[in-house]
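Below is one structure, written out as structure tokens; comments come after it.
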Amino acid sequence: MQETVFKTHHESAGARMVDFAGWYMPVQYEGIVAEHLLVRSACGLFDVSHMGRLLLTGPDHIEFVDRIGTNSRADMKPGQIRYNLVCNDEGTILDDILVYAGLGKEAGESRLGAFRGSATMIVCNAGNHPKIAAWLKQQAREYDVTIDDLSADYAMLALQGPNSQVILQGLTDIDLNKVKYYRHTVGTVMTIADVAVSRTGYTGEDGFELIFPKEHATRFWAGLLQAGEPHDLKPAGLGARDTLRLEAGMPLYGHEIDDTINPLEAGLDWGVRLDKDPPFIGQRALELVKASGVERKLVGLVIDSKRIARQGMEVKHEGRTVGAIMSGTKSPTLGTVIATALIPAALAKPEIALEVEFKADQVASARQVDTTFYKRAK
Amino acid sequence: MERPNTCRFLDSHEWVQVDGDVAIIGISDFAIEQLNDLTYVDLPSVGDAISKGESFGEIESVKAVSDLYAPISGEVIEVHDGVDANEFADMKADPFGAGWLIKVRMSNAAELETLKSKDDYERQLSESH
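Quick look at the structure:
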């Protein structure tokens, strides 16, 4: 398995470690539910260094990103971040990514310093990193673009929860009030220069993600935990990360999205710009889907059971199997069993009652709801 | 946690305590701690037959579902309905007492001989960690 630079920190903190997409990662420390509730009420610290971080520069970087991604890059402002999807020619999903527009100022001296200038950062899923790196390299042949894969040399931490700003502000001169949601900047944090700070996250809470050279791992891990102590900050693992993102309606590759699903079926139309010219890879296929209408739709379910619905379990309508569960859990915040499912578009209506089959003679009724089960108070 | 000397164990962490010809069955503190966030337990009904080595139910946590294996064979005479009350409080606080799962009238008490003693079980735990 691959290891992040925080391996010994996780072990010292008593983490239960697992193999996640070939990475040796903490699934929990104190417990998934405890960590989940802590993020919603105070703050949690996540190691997300296993994800891919690629920095693109060169005259064609904007055009290139517009070609490989469904969302628009050309009209992004410096410092803006957008959710985006990489599709194949059939319009099905190779990965979901965040695209960061560089600051458009003078490039800094460090490797990440290029991000201060004209550049694009792509953050992709750990499990898809090799696939996406290869895909981008292949597609970049016709463009004058340089792809610098920072993943092996830069670490990434996510600080998530209502206390995240007060904790981070004490460690940096960056005015975090100016780093709005889905915006980023590059600055000095804990005396380390050229740290990328974004107001992003995968939890549905306020929070920040930091990208910095991995040799400063201990300084950042210990520094954040120390600064966060009066604000109840604790490490949180991938188990809580999953229950948090599911409650917040965020897709997970390999569950709500994969290369058999297109963004329109997955309810991600808002991340797709079908008016791009030249078209992005997969645009023509998605234009056809839009014209004829999606055949399947991703819906949220609240299930009347104590058991958790798991990926692969059958979803039934009037006794007939019509779809399957993509993700499921018992929502720590809401106390109900929630799930996502892919079902025929014609049945995707709140008034249509469905059932989930746990086993041959164990069936529970399911009520359709929006996939955003939880929205934080603003 | 001090485990009762009277308990006998399966490798899969189920324990048995004997009261005459009745076996009381539960799972160990170690298993409960490993499962962590317990969400559901599926137990048999009174009158059901269970067979040594076969699954008699399931216990579920946020991350996974695990089978419960029968350490001995017999007929279920009592089921701890409500063991999941207050987020499985009894199992967490008193896994070898109030956290019991089922009581079984044994059909073959000799099956107890094949189970691990408390000391052997604890040795197993320290060897794998």
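If you're matching them up, the sequences are chains Y and X in order. Going by my numbering, the letters in the first sequence line up with residues -17 to 360, in that order. Going by my numbering, the letters in the second sequence line up with residues 34 to 162, in that order. All residues carry an ideal CB built from backbone N, CA and C; glycine is no exception. Bear in mind that the values here come from a model prediction, so they are computed numbers and not experimental data.
Can you list, in chain order, the residues of its chain whose CB lies under 6 Å from that of residue i, leaving out five sequence neighbours each side?
{"i": "residue 111(Y)", "result": "34"}
{"i": "residue -8(Y)", "result": "8"}
{"i": "residue 286(Y)", "result": "346 and 347"}
{"i": "residue 330(Y)", "result": "279 and 281"}
{"i": "residue 260(Y)", "result": "none"}
{"i": "residue 110(X)", "result": "136 and 138"}
{"i": "residue 221(Y)", "result": "9, 10 and 14"}
Since residue i meets chain Y, which of its residues come closer than 7 Å, beta carbon to beta carbon?
{"i": "residue 87(X)", "result": "Under the 7 Å cutoff, chain Y gives no residues; its nearest Cβ is about 16 Å from residue 87(X)."}
Go to residue i, then tell me how far its alpha helix (DSSP H) extends in each direction, as first and last residue.
{"i": "residue 22(Y)", "result": "14 to 23"}
{"i": "residue 100(X)", "result": "Counting along the chain, residue 100(X) falls outside any alpha helix (DSSP H), though it belongs to the beta strand (DSSP E) covering 98 to 102."}
{"i": "residue 127(Y)", "result": "Where residue 127(Y) is concerned, there is no enclosing alpha helix (DSSP H), given that its DSSP letter is neither H nor E."}
{"i": "residue 1(Y)", "result": "Counting along the chain, residue 1(Y) falls outside any alpha helix (DSSP H), though it belongs to the beta strand (DSSP E) covering -2 to 2."}
{"i": "residue 167(Y)", "result": "Here residue 167(Y) belongs to no alpha helix (DSSP H); instead the beta strand (DSSP E) covers 166 to 171."}
{"i": "residue 44(Y)", "result": "43 to 50"}
Does the Cβ of residue i have 16 or more other Cβ atoms within 10 Å, making it buried, or fewer, making it exposed?
{"i": "residue 58(Y)", "result": "buried"}
{"i": "residue 78(X)", "result": "exposed"}
{"i": "residue 316(Y)", "result": "exposed"}
{"i": "residue 107(Y)", "result": "buried"}
{"i": "residue 104(X)", "result": "buried"}
{"i": "residue 5(Y)", "result": "buried"}
{"i": "residue 208(Y)", "result": "exposed"}
{"i": "residue 153(Y)", "result": "buried"}
{"i": "residue 159(Y)", "result": "exposed"}
{"i": "residue 37(Y)", "result": "buried"}
{"i": "residue 141(X)", "result": "exposed"}
{"i": "residue 184(Y)", "result": "buried"}
{"i": "residue 77(Y)", "result": "buried"}
Residue i versus chain Y: which residues are under 8 Å apart at the beta carbon?
{"i": "residue 96(X)", "result": "9, 14 and 221"}
{"i": "residue 38(X)", "result": "Neighbours of residue 38(X) on chain Y: none; closest Cβ ~29 Å, over 8 Å."}
Taking residue i as the query, report the chain X residues whose CB atoms sit under 7 Å from its CB, ordered along the chain.
{"i": "residue 289(Y)", "result": "73 and 93"}
Just the chain X side, please: which residues come within less than 8 Å of residue i by C-beta, in chain order?
{"i": "residue 225(Y)", "result": "95"}
{"i": "residue 216(Y)", "result": "None at all; the shortest Cβ gap to chain X is about 16 Å."}
{"i": "residue 311(Y)", "result": "95"}
Quick check: what's the CA-CA separation for residue i versus residue j?
{"i": "residue 26(Y)", "j": "residue 215(Y)", "result": "5 Å"}
{"i": "residue 218(Y)", "j": "residue 238(Y)", "result": "23 Å"}
{"i": "residue 338(Y)", "j": "residue 301(Y)", "result": "10 Å"}
{"i": "residue 60(Y)", "j": "residue 50(Y)", "result": "20 Å"}
{"i": "residue 147(Y)", "j": "residue 106(X)", "result": "58 Å"}
{"i": "residue 102(Y)", "j": "residue 93(Y)", "result": "13 Å"}
{"i": "residue 155(X)", "j": "residue 102(X)", "result": "19 Å"}
{"i": "residue 241(Y)", "j": "residue 235(Y)", "result": "9 Å"}
{"i": "residue 52(Y)", "j": "residue 319(Y)", "result": "33 Å"}
{"i": "residue 253(Y)", "j": "residue 65(Y)", "result": "6 Å"}
Please list the terminal residues of the continuous beta strand (DSSP E) segment that includes residue i.
{"i": "residue 112(Y)", "result": "Taken as a continuous stretch (DSSP letters only), residue 112(Y) belongs to no beta strand (DSSP E), being part of the alpha helix (DSSP H) at 111 to 121."}
{"i": "residue 299(Y)", "result": "296 to 299"}
{"i": "residue 139(X)", "result": "135 to 139"}
{"i": "residue 252(Y)", "result": "That residue, residue 252(Y), is in no beta strand (DSSP E); it is neither H nor E in DSSP."}
With a threshold of 7 Å, establish whether the CB of residue i neighbours any heavy atom of the ligand SAM.
{"i": "residue 149(X)", "result": "Summarising the ligand content, the structure contains no ligands, and the ligand SAM is consequently not present."}
Please compile the residues from chain A whose C-beta is within a distance smaller than 7 Å of the C-beta of residue i.
{"i": "residue 70(X)", "result": "Absent from the structure is chain A; the protein chains it does hold are Y and X."}
Spatial neighbours of residue i within its chain, please: C-beta separation below 7 Å, excluding the five flanking residues on both sides.
{"i": "residue 46(X)", "result": "60, 61, 63 and 64"}
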